[in-house]
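These protein sequences, in sequence, are chains A and B. Be aware that the first sequence starts at 1, since it is given in our numbering, and climbs by one per residue. Be aware that the second sequence starts at 113, since it is given in our numbering, and climbs by one per residue. Think of the CB as a built atom: it goes at the ideal place given N, C-alpha and C, for glycine as much as any other residue. Note that the structure is a prediction, hence the values are computed from the model and not measured.
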Amino acid sequence: SQKIEQNSEALNIQEGKTATLTCNYTNYSPAYLQWYRQDPGRGPVFLLLIRENEKEKRKERLKVTFDTTLKQSLFHITASQPADSATYLCALQYSSASKIIFGSGTRLSIRP
Amino acid sequence: DTAVSQTPKYLVTQMGNDKSIKCEQNLGHDTMYWYKQDSKKFLKIMFSYNNKELIINETVPNRFSPKSPDKAHLNLHINSLELGDSAVYFCASSGTGQTDTQYFGPGTRLTVL
Numbered sequence: 001s002q003k004i005e006q007n008s009e010a011l012n013i014q015e016g017k018t019a020t021l022t023c024n025y026t027n028y029s030p031a032y033l034q035w036y037r038q039d040p041g042r043g044p045v046f047l048l049l050i051r052e053n054e055k056e057k058r059k060e061r062l063k064v065t066f067d068t069t070l071k072q073s074l075f076h077i078t079a080s081q082p083a084d085s086a087t088y089l090c091a092l093q094y095s096s097a098s099k100i101i102f103g104s105g106t107r108l109s110i111r112p
Numbered sequence: 113d114t115a116v117s118q119t120p121k122y123l124v125t126q127m128g129n130d131k132s133i134k135c136e137q138n139l140g141h142d143t144m145y146w147y148k149q150d151s152k153k154f155l156k157i158m159f160s161y162n163n164k165e166l167i168i169n170e171t172v173p174n175r176f177s178p179k180s181p182d183k184a185h186l187n188l189h190i191n192s193l194e195l196g197d198s199a200v201y202f203c204a205s206s207g208t209g210q211t212d213t214q215y216f217g218p219g220t221r222l223t224v225l
């Protein structure tokens, strides 16, 4: 069965640096890969979606890459701020008709 | 205005009881979902409805029964609650096609004693 792994449970970095989070999957590549942000006590909030034929997607300080050879997506936050501290979830979807499978998330802490 | 709302926010109950969680979305979306997030933070889909019809039903005990009276509402009824049902339950909705952005509700933290 499909497995999704997010590189670490927690990541601590200094404010102003670039945070890089990793999402690895097994078996075949999904058609769509999404990234969500979840704050404590709240539901996940959608950030970015990237399709398998796209290498990179950007939105303000966020960048997502999708490498189907490595079976990996990287999520970058540039010029990180303490307000970026949250848990970030990656999610895969194999077709528009299939369910979305979530990773367990990486808890990112940005220290001032 | 809240896009996806759930009630209650917290639910504490005894084993063996029956309880319901309500969900409403005012986004005009066709598809609604129930997810369970356990203590390890894994978010797993339980059910998905499209225009009041069940389209995804994961391996969930039949003690869990979703009901969609209209496409803006998807309620979750749980019979004979067990300790292992303790988790945070999230309702979500999406527009046409499941590749659209999923909008999550605030979650319902269920504690079974």
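- Judged by beta-carbon spacing, I50(A) lies within the 7 angstroms limit of F66(A), meaning their Cβ atoms are closer than that value.
- Within the same chain, L123, T125, H189, I190, L193 and L222 come within 8 angstroms of K131(B) by CB-CB distance, once the 5 residues on both sides are set aside.
- Nearest CB-CB separation between F75(A) and chain B: not below the 7 angstroms threshold.
- Annotated three-state conformation of P30(A) is coil, per DSSP.
- In this chain, L139(B) is not harboured by any beta strand (DSSP E), its DSSP state being neither H nor E.
- With contacts defined by Cβ atoms closer than 7 angstroms, Y215(B) and A115(B) form a contacting pair.
- Along the stretch 35–59 of chain A, the positions whose C-beta sits under 9 angstroms from a C-beta of chain B are Y36, Q38, G41, R42, G43, P44, V45, F46, L49 and R51, read in chain order.
- Under the three-state reduction of DSSP, A10(A) is assigned to strand.
- Each of G128(B), N129(B), I133(B) and M127(B) was checked against the Cα of K121(B), and the nearest Cα belongs to I133(B).
- L21(A) and R58(A) have their C-alpha atoms roughly 15 angstroms apart.
- Residue nearest to A97(A) within the set E56(A), T106(A), N12(A) and A31(A) is A31(A) (criterion: CA-CA distance).
- Under DSSP, F216(B) forms a beta bridge with A204(B).
- Every unbroken stretch of the beta strand (DSSP E) spanning 3 or more residues and falling wholly within the stretch 52–98 of chain A is given here in chain order: 56–59, 62–67, 72–77 and 86–93.
- Think of a sphere of 8 angstroms around the beta carbon of L62(A): no beta carbon from chain B falls inside it, the nearest being about 15 angstroms out.
- The residues L49 and A91, in chain order, have a CB closer than 6 angstroms to that of Q34(A) in the same chain once the five nearest residues on each side in sequence are set aside.
- Taking the CA atoms as reference points, F46(A) sits about 25 angstroms from P112(A).
- Listed along the chain, the chain A residues whose CB falls inside 8 angstroms of the CB of Q137(B) amount to none; the nearest CB is some 12 angstroms away.
- Between Q149(B) and C203(B), the gap from beta carbon to beta carbon reaches 7 angstroms or more.
- The C-beta distance from P178(B) to F154(B) rounds to 20 angstroms, too long to meet the 8 angstroms contact threshold.
- When 9 angstroms is used as the limit between beta carbons, T87(A) is near these residues of chain B: K153, in chain order.
- Look at the stretch 127–188 of chain B and you find these whole runs of beta strand (DSSP E), each 3 residues long or longer: 131–137, 143–149, 155–162, 165–169 and 176–182.
- Between P44(A) and T78(A), the alpha-carbon positions lie close to 21 angstroms from each other.
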